[in-house]
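In this note's numbering, the protein residues as written are 7 to 814.
We put the CB at the ideal spot given by N, CA and C, even for glycine.
For clarity, every value in this text was computed on a predicted model and none was experimentally measured.
This report concerns only the one structure given below.
Put into structure tokens, the structure is as follows:
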């Protein structure tokens, strides 16, 4: 019944939100009038509210009615404030048009002074009801908050009521005794109902009809439904694409609602036909359609999310075994929800004692905890499938798929942990005796999982419809903006329902909507939902226009100029900064935000920016300087901070350099401005190459010079001017040292040219018989004769000594 109440309450809230405020207030504002009746009785209402809050004996229903009256007074006073502010603002504008009042000792023209006095009096008169309405509005808001606080406190105290523990044998004895008394009352109630003339006279007609409906309903649900479902499945599995495939999928999915509903309607129709409503189960009988609806929804959600035997339509990436288990668990949770509705109905009809409530609640809660734990394990197994898919299928063509799946698995992990925690908590608090707290621990989680499953299904269904409409394949990703907008839309729809599932009252949702539509005042800044939407929309338009202008400059305008790639990149980047800044300023002004307040906040944060963010600010300013002065540009070969490579990207905070090892190095812009940077290609790509060569002593120096010079002149990457030079550098320890100095047309070819020159020089020197020396050392030994004699003595054989025989 809580689930049904939540649905009805959401529908009522949607009707309320469509109006935005009470009809009387809206009509009064449209007519230019302000409802005065709620304000006239505000004092008496505030007095009654204070008394009710102090006594703490008023029923929750009365408090809700009192709150509704306070909301009416609050809305009426807000309307007075808005209406008065318009008039006061108009008068203030007229008064400002007269200019500043004269200083002390100066006089003003009589007509201007008279007009100023008249407008000042009118402004005071217009502000008087605004001040009164403001006081009433503040009082109404205060009492509304106090009423909400007391209602929440009462709700919390109800949840903390302790019942007898199911672990005590006496609890079961007392509970079964109360249940036995209930069965006796039920039997007497049935006999009394059958004794009624309106029932007994029609039994010969109603009993056969009811029996026939019961047989049909049971047979349809257990036997006839499955062949129809299988035939429909075979029909829907026929090869189809586009809109036809979508319609077949929707038709097959709808069968899991329509077919069970036929059997359920046949069974539920028995009760009104028999017209037997014993007092002990009257509410339970009335709630039978709700129980049937809950089980049908659970069965439909299980088939929709897990889709056993239908890999194509399965929303979770599970195996067939896990999918079948997930369906059975969903059906089991639907049975539990139906039992919960029945238990609540029995409590309303029979006023069970605490022992009977513990006995009736403990088994269903334990069953639900076991089912919820198992369902959490099934959902959690989706992560392993996703991880395997990411490891085996992550390719260059599918970067988006691999990036989305870890996020989904993270959400599923959180959801599974919540379900398991709820299951354990519900069992523990039930064993202690907190039955109502156990219901709150497990029922909202089950309903939240169902609501998220329904929203997940809607999300995929709408995406499939969009992709079908725009001609995309089923396996292709949907447009990012469509997916993001759909997520926001579904969040706005399901957030109130989930909030009420977890205990929020309808008035809390209405209050949140009131704050969103009317906004809050933060100093001189008024924040509301409409201003936020305007802010985001204008800024989004500005971003789109800026990106379009950047692409236009980059692809069409700048390539037709004589600017190099670095200058073009600087213009495009600067255009982006200017466009985003203008978009932000225009969006803030259009949304009605007070920029002066923002300036005060910025001034207050300047100290923190100066100390805490000085590195970031320094890098930002350095990036602007790099883009303007352009000491380096994209494509330059630079050396800075021990790193050498090509500049690939100059951003606001840092510059990316690609080394010759194809490694990316991120250099803060402040180091490029404050440090020493060696730019080999700033003014030109030409650069000098120095090739050291050493030859042996006694070599033909002119021949060596000719070989080196000819090697340089014969290479295509070496410039003719300046002319290559061969210099005799000096006399080394083992060689005569030469250097070949030449200029390259492109300094980027320095390593290749150097290697080619070494190949050529080595071969030519070898052909000319010129030796390339290596280091040599002379070793001198002292007393070599004594060392040789010692070695000979050591190598000579030892002569055995004769043994003397002594007489014993």
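Item	Value
Contact set for residue 578: own chain, Cβ-Cβ below 8 Å, skip 5 residues either direction	556, 559, 560, 564
Touch test, the segment 332–343 against the segment 284–296, Cβ-Cβ under 8 Å, three pairs minimum	no
Residues near residue 457 in its chain [Cβ-Cβ closer than 8 Å; skip 5 each side]	500, 503, 504, 507
Pick from 50, 69, 49 that is closest to residue 58, judged by C-alpha positions	69
Extent of the continuous alpha helix (DSSP H) to which residue 291 belongs	288–292
Where residue 745 falls: helix, strand or coil (DSSP)	strand
For residue 649, the residue or residues it bridges with in DSSP	646
Close beta carbons around residue 717, own chain, < 8 Å, minus the five adjacent residues each side	746, 763, 766, 767, 770
Pick from 126, 48, 154 that is closest to residue 67, judged by C-alpha positions	154
Option nearest residue 898 by Cα separation, candidates 160, 87, 713	Residue 898 lies beyond the stretch modelled for the chain, which goes from 7 to 814, so this question has no answer here.
At least 3 beta-carbon pairs within less than 8 Å: the segment 181–199 vs the segment 346–361	yes
Per-residue DSSP class, three states only, for residue 776	coil
Endpoints, the beta strand (DSSP E) within which residue 114 is located	Counting along the chain, residue 114 falls outside any beta strand (DSSP E), and DSSP gives it neither H nor E.
Cβ contact (3+ pairs, closer than 8 Å) linking the segment 161–175 and the segment 108–117	no
Inter-stretch contact (C-beta, 8 Å, three-pair minimum) for the segment 115–123 and the segment 480–497	no
Minimum length 3: unbroken beta strand (DSSP E) runs contained in the segment 263–351	none
Extent of the continuous alpha helix (DSSP H) run through residue 716	707–719
Exposure label - residue 301; buried when at least 16 CB within 10 Å	buried
Buried versus exposed, by CB contacts within 10 Å (16 or more), residue 151	exposed
Which of helix, strand or coil DSSP assigns to residue 666	coil
Contacting residues, own chain, Cβ-Cβ under 8 Å from residue 463 (five flanking each side not counted)	307, 310, 311, 321
9 Å Cβ cutoff met for residue 147 and residue 48	no
Buried/exposed call for residue 660, threshold 16 Cβ in 10 Å	buried
Unbroken stretches of the alpha helix (DSSP H), 4 residues or longer, contained in the segment 108–168	116–165
Enclosing alpha helix (DSSP H) for residue 197 [first to last residue]	175–201
Same chain, Cβ closer than 8 Å to residue 192, five either side skipped, listed in chain order	284, 286, 287
Reduced DSSP secondary structure (H/G/I, E/B, other) of residue 358	coil
For residue 580, three-class secondary structure by DSSP	helix
Paired residues, beta bridge with residue 660 - DSSP	674
Check whether residue 551 and residue 576 have beta carbons under 9 Å apart	no
Residue 100 and residue 125 closer than 9 Å at C-beta	yes
Run of the beta strand (DSSP E) containing residue 731, from where it starts to where it stops	731–737
Assigned exposure category for residue 554 - 16 Cβ within 10 Å defines buried	exposed
Residue from 645, 640, 629 whose Cα sits closest to the Cα of residue 657	629
Status (buried if at least 16 other CB within 10 Å, exposed otherwise) for residue 562	exposed
Same chain, Cβ closer than 8 Å to residue 488, five either side skipped, listed in chain order	469, 472
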